[in-house]
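First up is the structure itself, then whatever we jot down about it.
Residue numbers (our numbering): 1072 to 1115.
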């Protein structure tokens, strides 16, 4: 039985990856919207 090194969270639960993916998606969308809307706000 090989032990998977823990990285501070329980990687056995599939919901952990869903939560991490959701957080990364939200951050990605927020950063994308910020970089897209920022020049438009400066132009107007």
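The C-beta atom is built at its ideal place from N, Cα and C for all residues, glycine as well.
Bear in mind the structure is a predicted one, so any value in this text is a computation, not a measurement.
Q: Rounded to whole angstroms, what's the CA-CA distance from residue 1094 to residue 1103? Just pull it up for me.
A: Here the alpha carbon of residue 1094 sits roughly 14 Å from the alpha carbon of residue 1103.
(Q) Tell me which residues share the same chain as residue 1084 and place their Cβ nearer than 8 Å to its Cβ, disregarding the 5 neighbours each side in the sequence. (A) Cβ within range, chain order: n/a, list empty.
**Q.** Neighbourhood of residue 1101 by C-beta distance below 8 Å, restricted to the same chain and skipping five residues each side
**A.** Closer than 8 Å at Cβ, skipping near neighbours: no residue.
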